[in-house]
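Visitor:
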Amino acid sequence: MSAKKADQQKKTLRVRQIRSGIGCPRGMRETLKALGLGKMHRVAERADTTTVRGMIASIPHLVEVVE
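Mind the numbering: the sequence shown is residues 1 to 67 in the numbering used here, read in order.
(1) Going by DSSP in three states, His-13 sits in which element: helix, strand or coil?
(2) Run through the segment 33–59 for me and flag every whole beta strand (DSSP E) of 3 or more residues, listed as ranges in chain order.
(3) Could you give the residue range of the beta strand (DSSP E) that holds Glu-64?
(4) Under 7 Å, do Ile-18 and Glu-64 count as touching if we go by C-beta distance?
(5) Which residues in the same chain have their Cβ closer than 6 Å to the Cβ of Arg-16, if we skip the five residues on either side of it in sequence?
(6) Closest to Gly-38 by C-alpha separation, out of Lys-10, Leu-13, Leu-62, Lys-11, would be which residue?
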């Protein structure tokens, strides 16, 4: 495996939904869905990009980053 592919595999974030989106504004619920979440305690693995980090930062009370 090349070094470039190894770097790409390491740069992922595991995101867990810790609170429900019920009662939250529509935009927050849509952000959860875009991250691949929607049910409590589900974990989604996403690429570590500024876009994904921005989505996580917009709903920090609903999700946590799992190491």
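For each residue, glycine too, the CB sits at the ideal point set by N, CA and C.
Guide: In short, the structure shows the following:
(1) Position 13 of the sequence shown, counting from 1, holds the residue named residue 13. Residue 13 is actually Leu in this sequence, not His. Assigned with DSSP and collapsed to three states, Leu-13 falls in strand.
(2) Complete beta strand (DSSP E) runs here, min 3: 43–47.
(3) Against the sequence shown, residue 64 aligns to sequence position 64. Its beta strand (DSSP E) spans residues 63–66.
(4) Position 18 of the sequence shown, counted from the first residue, corresponds to residue 18. Position 64 of the sequence shown, counted from the first residue, corresponds to residue 64. Glu-64 sits close to Ile-18, with the two beta carbons spaced by under 7 Å.
(5) If you number the sequence shown from 1, residue 16 lands on position 16. Scanning its chain for C-beta atoms nearer than 6 Å, with the 5 sequence neighbours on each side dropped, one finds around Arg-16 the residues Val-43, Glu-64, Val-66, in chain order.
(6) As a first step, residue 38 is located in the sequence shown; it is residue number 38 there, counting from the start. When each option's Cα is compared against that of Gly-38, the closest is Leu-62.
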